[in-house]
Every structure is written in structure tokens, then in C-alpha cells.
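J.: Residue numbers (the working numbering): 56 to 634.
All C-beta atoms, glycine included, are put in the ideal place defined by N, C-alpha and C.
Since the structure is predicted, the reported quantities are computational estimates derived from the model, not experimental observations.
1) Starting from residue 475, trace the beta strand (DSSP E) in both directions and tell me its first and last residue.
2) What span of residues does the alpha helix (DSSP H) with residue 119 cover, start to end?
3) In this structure, does DSSP put residue 178 in helix, strand or coil?
4) Taking just the CA atoms, how far does residue 559 sit from residue 489?
5) Using the Cα positions of residue 426 and residue 583, report the straight-line distance between them to the nearest angstrom.
6) Along the chain, which unbroken stretches of the alpha helix (DSSP H) at least 4 residues long are found entirely within the region 529-581?
7) Going by the CB atoms, is the gap between residue 238 and residue 523 shorter than 9 Å?
8) To the nearest angstrom, report how far apart residue 555 and residue 515 are at their CA atoms.
9) When DSSP labels each residue in this structure, what does residue 137 get in the three-state scheme?
10) Checking 9 Å against the spacing of the C-beta atoms, do residue 476 and residue 152 come in under that value?
11) Take the Cβ of residue 333 as the centre, count every other Cβ of all protein chains shown within 10 Å, and call the residue buried at 16 or more, exposed below.
12) Let me check one thing: in DSSP terms, what residues is residue 240 bridge-paired to?
13) Where do the ends of the beta strand (DSSP E) carrying residue 265 lie?
14) Name the two residues that bound the continuous beta strand (DSSP E) containing residue 308.
15) Going straight from the alpha carbon of residue 295 to that of residue 306, what length do you get?
16) Along the chain, which unbroken stretches of the alpha helix (DSSP H) at least 4 residues long are found entirely within the region 143-188?
17) So residue 432 is in the beta strand (DSSP E); what residue range does that whole segment cover?
18) How would you call residue 537, buried or exposed, if buried means at least 16 neighbouring beta carbons within 10 angstroms?
19) Would residue 358 be called buried (16 or more neighbouring beta carbons within 10 Å of its own) or exposed?
20) Whole-angstrom Cβ separation of residue 391 and residue 314, contact assumed at under 8 Å?
21) Would you kindly work out how many angstroms separate the C-alpha atoms of residue 618 and residue 257, rounded to a whole number?
22) Taking the beta strand (DSSP E) that residue 231 belongs to, which residues open and close that run?
23) Measuring only the C-alpha atoms, how far is residue 606 from residue 579?
Rendered as C-alpha cells:
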């Protein structure tokens, strides 16, 4: 249970932003003067310790960070942010590779906190491009004057908690430091790029790119021999675009992945008007759902219907497009026999598309149940391998031995290239945090605390690291749900927790050891009841050498998770020590 000081509140004027009235006796509190009442000067308690530079520091200017700045500023807090990039957008600032799109429908992958914003912004396509998503986030930042809170081109190197002051000190690569009461790590879960340590990696003399760090200027493929290493989401989205103009494209594939056509299309005026008229209900259904979008699976098991009905359902979800195919039936990722029916359906589809049976064999995964790695949303990926200018190299049969100045040498042959693209993804979920030296009580290092895998309470807090909150990180639904609504849910919860701490004249809020232990066990138990741990996915950290194999997201569902967080708050922040 949460522990709070035993200080009953008296009757009197109400402090702004607080639910309980307070009478001040003795010296006036320090803070920011906001007005007077019957001759009494009123101060906002939110102004905090005048000895601190800020009440809150937010690390990151992506979806989560921007909303955190907006929400907490609205509570009268002094908020400052740091962002390593030149502008806002987070993942969508950096991932400019050709073909980059979101795999959640645009009308759902958007903020819900402001009705005017929902009504004024109109998406052009069902699955928006990176450029359109970034334009949207820039619009939000400008509309709510969020950029003014940030130091851009500033990377946070260290964050250190001072036990005596109950405050954090943040140090950046520019040499600047700042002190704050609360620290919000909105660092993103797909932002720390992974560039594998291949022999000779840095010897290549041609153009080299990583899909997660794509340049802002145009990259020309025409007339060039291009190699792409990696067939995850960024590889599968970019390969069809590159193949259109490249002289020749060589795809180096270690692990084939399942992909479903996006079924992308422009959004009609009629459809947009209908969505905007019913946004409130759409958002309600999304928040109560398993994945943060208003999509419900077929009501019966895949094994409870006959073959004809099963095919009809799979046809429907295939035509819907994208990763949601994994949710056509409710037991697809919990029952291997049900999963087999989905796998067989998609395999047959791939063989229909790819003309060369030997190439189709190489493109069909055999190492994981379908949906236990995120199903990619593509635009013509499998069709690309029918082109004469595309070669698929199976690295499991002929692995890369070395990258040379002129290209890539496998165990079977050498490929001369003009351009080499690493589509090798991210150190997901924890990578962006592990690259910052985070020190909690008595100098405890977060990297050491998480050496065997991330340990959080609700995915929000870590024992030994008071007043630090992680947004959409490990231990929360995170990448298994709509990240925008997930960010809103987390930030709203954090904002209320900060209010609660202030109301009780406390200094710190910290996850208790037992609460962390219980939550880690709960997340593990939920995952073990599914097929997900059987896949060597980035959900498990399997793409990073030496990283512990732990299923990192909470898989119990977005709606269920939101209810748990609300119950914790309603019980006086059960599982937190407030002191």
C-alpha cells in the first residue's frame, strides 16, 4: 500500500489543480504567485522547490514526450524537455526510409486529448506515410507551442537521483545540467538503432545507410547496385520501392517474416466525416480493446468453425490488411493448432504471389508461429521477387563472411554493390534507456538493475528510482497496442500521480520491491500462456547479441491494463511508497 504523511487537510481555499482544500498556517509557501483571495496571497504548490530548475524534465520529443509537455504544463508545472534530434517526431523524425508507413490506421494513430485537434486534422490515407505523420506531429507541436519547452540537438548522457534533495540532476552532451523533481523518460521503444557487428562492416567504400537513421535529402537508387541486409518491417517496406528504380537489388535475408498487404487507399470525404462524427465512440472502443483500436476478433475459435467459414474470415482479415491479421481469431497466438490454420492460409497466399517455388520457399518463415513476430504491413513485397532485377540471398544457407570495400561476400559468392542498406532494426524496448547512464538511489545503475531483463511496476516505475516514470516502455502494452493512446494513458496517469504526491505534501513516489516482483511475475505468466515466447523476436530481445531473453511487453490487453492502472491509483497508489 502507498504510505503518506498523516497530515489532515483543513477547510479553506482550494489550491489550483488539487481536489482537497487547504489552509496555510505560518509562513507562506514558496512557489509561483497566481492570485489573491480575500487579502490572502495564493501560491501554486506545483511551482515546486525554487532551488530546482524545473518541476519536470521530459527526455524525448516524440509522441509521448510532446503530450507529456502539454499535459504537465497545463497543470502549472515548470516543464523542460531535451531531444537529440533537430526537431520533434521521435521515431517518425528518423525513420524516413522509402516506403515508411505506420501499420496502425491513421485515424486511430492520432491524439485524442483535444477535440478541436481531432476535428481540424484530416488524414489523406488509411496508413499514413512517415512524412504525413511527421507533419501531423509538427502541427501539434506548433498548435500547442510545445517546441519552446525543448532544447533540440541535445542528448541526455546521465540522470542522477539525489537522495537528500529527492531530486534528479540531468546532464547533456552539450555540457548543460538541470535539476528537477520528476523525470519522465519518453525515449521511445524503437529509437536505438541496431547495426550488427559484421566483419568488415565499416570497410564498404560505397554509400551506406541505416533505415532507422535515414538522411533528410533524397537517396537515388537509379542505375545502382543496391544491397539490403534485413527483412524486418523497414526492409520489407523499403525493398519494393528500391527495386522500382535500382539497376539491381540484392536482398540478404537471415529470417523471413510474415507480411500482409496493407490494402492502403485514400480516405474518402464521406468516410472522414463519419469518423469525425463518431470519434468519441471510436476512442471508447479503442480504450476498451486489446490493442488500442476498435477491432474485435471473430467471436469463435479458429477450430470451432468449418474450413469454408475459416477461409472466409481469413479472406476478410487479409483484405483488411496489415498486422491485424494475427487477430482474426481470438486463439491464433495462444493455440498452436489454431495458429497452424492461419500459417497455412498465408503460406498459400505467398505461393500464389511468388512465381518461383524455390524463392517462395525461402520467403516463408519456418521458425515461428505466425503473429508471434509482428506481422509486417507491406505494399507489394512478395511481388517484388518476381522482378528480374531482384536477387534473394538466404543467409542461413550461405551466411555473410565479410563486407568488403566493393560489396558483400557470402560463403557462396561475392556481390558487387554501389550502395549498402542496413535494415537491421533496433535495440527495442530498453535500448534507448540503456544508452543513458541512469542512476537511482545510492548510485544504483538502471543498466545493472535490468541486467537480467527489465523490471518495472506497471511498466511505469522502477524500485530504487523515485520520481522517474517510463512512458510506453517494458512491462506495459507498449508496441502491442496503439502507441498514441498508450502514451496518453501513461501521461495522464503520471500527471495524476504527481498531483497526488503534491496533495500529500510529499517529495517522492517510488515503486515498492514487492510490487515490482509481482508485476514482473504477472507479465511473465501472461506471456507464457501464449505462443509469443517461442519466437526469437525483438519482443524477446533476440535480435541483440547478449541481451537477456525476456518477453518485454505486457500482453494482457490494452483495456485490461488501463483498468489495472486505474485501480492502483484509486487505491491510493497501491504498490508505491509516497514519502
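T.: In short:
1) Walking along the chain shown from the start, residue 475 turns up at place 420. Residues 474-477.
2) Within the chain shown, residue 119 is the residue found at index 64, counting from 1. Run containing residue 119: 118-128, per the alpha helix (DSSP H) assignment.
3) By 1-based counting over the chain shown, the position of residue 178 is 123. If DSSP states are grouped into helix, strand and coil, residue 178 belongs with coil.
4) Sequence index remark: in the chain shown, residue 489 carries index 434 (1-based). Sequence index remark: in the chain shown, residue 559 carries index 504 (1-based). Each residue's Cα considered, the two are about 33 Å apart.
5) Numbered from its first residue, the chain shown carries residue 426 at position 371. Numbered from its first residue, the chain shown carries residue 583 at position 528. Whole-angstrom Cα-Cα distance: 15 Å.
6) 538-558
7) Mapped onto the chain shown, residue 523 falls at position 468. Mapped onto the chain shown, residue 238 falls at position 183. Yes, Cβ-Cβ distance for residue 523 and residue 238 is below 9 Å.
8) Along the chain shown, read from residue 1 onward, the residue named residue 555 stands at position 500. Along the chain shown, read from residue 1 onward, the residue named residue 515 stands at position 460. Going by the C-alpha atoms only, they are around 16 Å apart.
9) Indexing the chain shown from 1 puts residue 137 at position 82. DSSP places residue 137 in strand when its eight states are reduced to three.
10) Numbered from its first residue, the chain shown carries residue 476 at position 421. Numbered from its first residue, the chain shown carries residue 152 at position 97. In contact: residue 476 and residue 152 (Cβ atoms closer than 9 Å).
11) Position 278 of the chain shown, counted from the start, is the residue given in the question as residue 333. With fewer than 16 Cβ atoms within 10 Å of its Cβ, residue 333 is classed as exposed.
12) Taking the first residue of the chain shown as 1, we reach residue 240 at position 185. Answer by DSSP bridge pairing, in chain order: 114, 525.
13) As a working mapping, residue 265 is identified with position 210 in the chain shown. Segment 262-265, the beta strand (DSSP E) holding residue 265.
14) The count along the chain shown starts at 1 and reaches residue 308 at position 253. Per DSSP, residue 308 belongs to the beta strand (DSSP E) from 303-308.
15) The count along the chain shown starts at 1 and reaches residue 295 at position 240. The count along the chain shown starts at 1 and reaches residue 306 at position 251. Each residue's alpha carbon lies about 11 Å from the other.
16) 146-149, 170-175
17) Here the question's residue 432 lines up with position 377 in the chain shown. First-last of the beta strand (DSSP E) with residue 432: 431-433.
18) The residue given as residue 537 occupies position 482 in the chain shown. Looking at its Cβ environment, which holds 16 or more other Cβ atoms inside 10 Å, residue 537 is buried.
19) Against the chain shown, residue 358 aligns to sequence position 303. Exposed.
20) For the purposes of this step, residue 391 is identified with residue 336 of the chain shown, where counting begins at 1. For the purposes of this step, residue 314 is identified with residue 259 of the chain shown, where counting begins at 1. Between residue 314 and residue 391 the Cβ distance is about 21 Å, and since that is not below 8 Å, they are no contact.
21) In the chain shown, residue 618 corresponds to position 563, counting from 1. In the chain shown, residue 257 corresponds to position 202, counting from 1. Rounded to the nearest angstrom, the two C-alpha atoms are 49 Å apart.
22) Position 176 of the chain shown, counting from 1, holds the residue named residue 231. It is not in any beta strand (DSSP E) - residue 231 carries neither H nor E in the DSSP assignment.
23) For the purposes of this step, residue 606 is taken as residue 551 along the chain shown, with counting starting at 1. For the purposes of this step, residue 579 is taken as residue 524 along the chain shown, with counting starting at 1. Going by the C-alpha atoms only, they are around 7 Å apart.
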